[in-house]
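**Student:** Here my numbering runs 5 ahead of the position in the sequence shown, where the first position is 1.
Take this structure, written in structure tokens, and hold onto it; I'll ask about it next.
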Amino acid sequence: MGLIYLALVLAPFQYGFDATTAIEYETAMTFDGFIPVLGGTEGLVVVTMGLSVVGEAPARKNAIQAVSEITSFKITFNDATLPFGLESVTEFFPRTKIELSPSGKILKTDAPDTRPPIRLPGLDVKRFPDITYVPIVFPKTDLSVGSEWTFEKPFSDGPMKYRCKLLKIDGDLITVAMKIDQEYETLENEALEVVDEREEAVRSVKTVMTGQGTVVFDVREGLVHSLKMVAESTGEEFSMDGEMLKTRKLSTTMELVRKVDSRSGESA
């Protein structure tokens with residue numbers, strides 16, 4: 006085993022955003038099951054997006070910065086394209102700057118506190134980087150194949166718990182298995198919109214989401230190479246008097262792939 010490879014195996018991994026970073030991703034999300042539109046219906050929503058991420062010079066010690074922007078967008082519902090173009094989606098998911106620790110903990114974001122017109126699990130405006138290009142928080146310890154660790158990320162509905170295991174090291178790329186768990190309760194009005202006040206609500210929904218997938222990470226550049234997650238959500242509807250009404254089911258798939266190699270400018 007060479008010294009360089011040995012160092013890679015034992016290294017604490019970090020993100021590497023800096024002023025030279027420029028990367029493009031393609032993302033695809035599918036939501037199959039209960040969709041909170043048209044009074045609530047069973048269906049299939051497919052969202053495809055282009056995502057641009059650039060690094061910036063750090064504003065302070067022990068922190069790095071990245072800026073992301075959606076560059077293309079399409080959403081379909083049961084194969085019919087919905088009238089939400091790039092301009093309308095960037096109203097809710099605008100160009101966003103984050104500050105994060107090298108290990109991947111997001112310290113600051115300028116994302117707004119807005120809610121998109123269609124609310125789906127995982128589509129949290131302020132935490133969009135967490136489900137795309139900054140999905141892992143690495144421990145500040147040496148890692149090798151078989152290493153396991155946990156962390157938690159705050160989302161607007163409730164904290165997401167993560168369990169990770171380093172599966173494989175292949176040159177500059179590592180593969181990490183990731184499992185997620187989240188439980189939360191929301192209030193809804195008659196139009197299935199999430200509301201904050203009980204006086205505006207006609208039901209409460211208790212949701213449990215579990216999922217698993219893999220993240221491929223380039224340890225030399227400190228960037229995510231690809232990601233795939235599959236999750237199952239179960240929501241139990243209750244009247245405001247506590248009566249059980251019905252159960253909602255939703256399957257979600259999230260995929261992210263690197264479109265352009267920032268080292269060569271060529272397609273990966």
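Cβ atoms here follow ideal geometry from the backbone N, Cα and C, with glycine treated the same way.
Judging by CA-CA distance, which residue of LEU255, TYR20, LEU91, GLY163 is the nearest neighbour of GLU188?
**Tutor:** Start at 1 with the first residue of the sequence shown, and residue 188 comes out as number 183. Among LEU255, TYR20, LEU91, GLY163, the Cα nearest to that of GLU188 belongs to GLY163.
**Student:** Is the CB-CB distance between GLU195 and SER209 below 7 Å?
**Tutor:** The count along the sequence shown starts at 1 and reaches residue 195 at position 190. The count along the sequence shown starts at 1 and reaches residue 209 at position 204. Not in contact: GLU195 and SER209 (Cβ atoms no closer than 7 Å).
**Student:** Which residue marks the beginning of the beta strand (DSSP E) containing SER244, and which one marks its end?
**Tutor:** Residue 244 sits at position 239 when you count from the first residue of the sequence shown. Per DSSP, the unbroken beta strand (DSSP E) holding SER244 starts and ends at 228–244.
**Student:** Measuring alpha carbon to alpha carbon, tell me which of THR137, GLU193, VAL235, GLU204 ends up nearest LYS211.
**Tutor:** Residue numbering aside, residue 211 sits at position 206 when the sequence shown is read from its first letter. Closest option to LYS211, Cα to Cα, is GLU193.
**Student:** When you compare the stretch 67–84 with the stretch 49–56, are there three or more beta-carbon pairs, one atom per stretch, that lie closer than 8 Å?
**Tutor:** yes
**Student:** Are the CB atoms of LEU261 and ASP4 within a distance shorter than 7 Å?
**Tutor:** The requested residue 4 does not occur in the structure, where the chain is confined to residues 6 to 273.
**Student:** From ALA85 to GLU31, what does the alpha carbon distance come to, in whole angstroms?
**Tutor:** Position 80 of the sequence shown, counted from the start, is the residue given in the question as residue 85. Position 26 of the sequence shown, counted from the start, is the residue given in the question as residue 31. Those two C-alpha atoms are separated by around 21 Å.
**Student:** Rounded to whole angstroms, what is the Cα-Cα separation between ASP118 and ARG225?
**Tutor:** Indexing the sequence shown from 1 puts residue 118 at position 113. Indexing the sequence shown from 1 puts residue 225 at position 220. Roughly 34 Å between the two C-alpha positions.
**Student:** Alpha carbon to alpha carbon, how far is ILE80 from VAL221?
**Tutor:** Stepping through the sequence shown from its first residue, residue 80 is reached at position 75. Stepping through the sequence shown from its first residue, residue 221 is reached at position 216. Approximately 26 Å, taken between the alpha carbons.
**Student:** What would DSSP say about ARG132, mapped onto helix, strand or coil?
**Tutor:** Here the question's residue 132 lines up with position 127 in the sequence shown. DSSP places ARG132 in helix when its eight states are reduced to three.
**Student:** How far does the alpha helix (DSSP H) with GLU96 in it reach, from first residue to last?
**Tutor:** In the sequence shown, the residue the question calls residue 96 occupies position 91. 91–97 is the span of the alpha helix (DSSP H), which, as asked, contains GLU96.
**Student:** Figure out for me which residue from TYR20, GLU205, ALA116, LYS254 has the closest Cα to the Cα of SER244.
**Tutor:** For the purposes of this step, residue 244 is taken as the residue at position 239 of the sequence shown. That would be GLU205, whose Cα lies nearest to the Cα of SER244.
**Student:** Excluding the 5 residues flanking THR2 on each side, which residues of the same chain have their C-beta closer than 8 Å to its C-beta?
**Tutor:** Given a span of 6 to 273 for the chain in the structure shown, any question on residue 2 remains unanswerable.
**Student:** Find out if the Cβ-Cβ distance for the pair CYS169, VAL150 is shorter than 7 Å.
**Tutor:** Counting from 1 along the sequence shown, the entry for residue 169 is found at position 164. Counting from 1 along the sequence shown, the entry for residue 150 is found at position 145. The beta carbons of CYS169 and VAL150 sit no closer together than 7 Å.
**Student:** Who pairs with GLY218 in a beta bridge, going by DSSP?
**Tutor:** The residue given as residue 218 occupies position 213 in the sequence shown. According to DSSP, which records beta bridges pairwise, GLY218 is partnered with MET183, MET234.
**Student:** Cutting at 6 Å between CB atoms, please list the residues of its own chain near PHE18, excluding the five before and the five after it.
**Tutor:** Stepping through the sequence shown from its first residue, residue 18 is reached at position 13. Cβ within range, chain order: PHE143, VAL224.
**Student:** What are the residues that DSSP puts in a beta bridge with LYS251?
**Tutor:** Taking the first residue of the sequence shown as 1, we reach residue 251 at position 246. GLU242, per the DSSP bridge assignment.
**Student:** On a CA-only basis, which of ILE185, MET259, PRO159 is nearest VAL52? Give me that one, please.
**Tutor:** Here the question's residue 52 lines up with position 47 in the sequence shown. Of the candidates ILE185, MET259, PRO159, the one whose C-alpha sits nearest the C-alpha of VAL52 is MET259.
**Student:** Out of THR35, PHE39, ALA27, ALA24, state which residue places its alpha-carbon closest to the alpha-carbon of LYS251.
**Tutor:** Counting from one through the sequence shown, the residue named residue 251 turns up at place 246. Put simply, of THR35, PHE39, ALA27, ALA24 the residue whose alpha carbon is nearest the alpha carbon of LYS251 is PHE39.
**Student:** Going by DSSP in three states, ARG275 sits in which element: helix, strand or coil?
**Tutor:** The shown model of the chain, from 6 to 273, leaves out residue 275, and the question about it has no answer.
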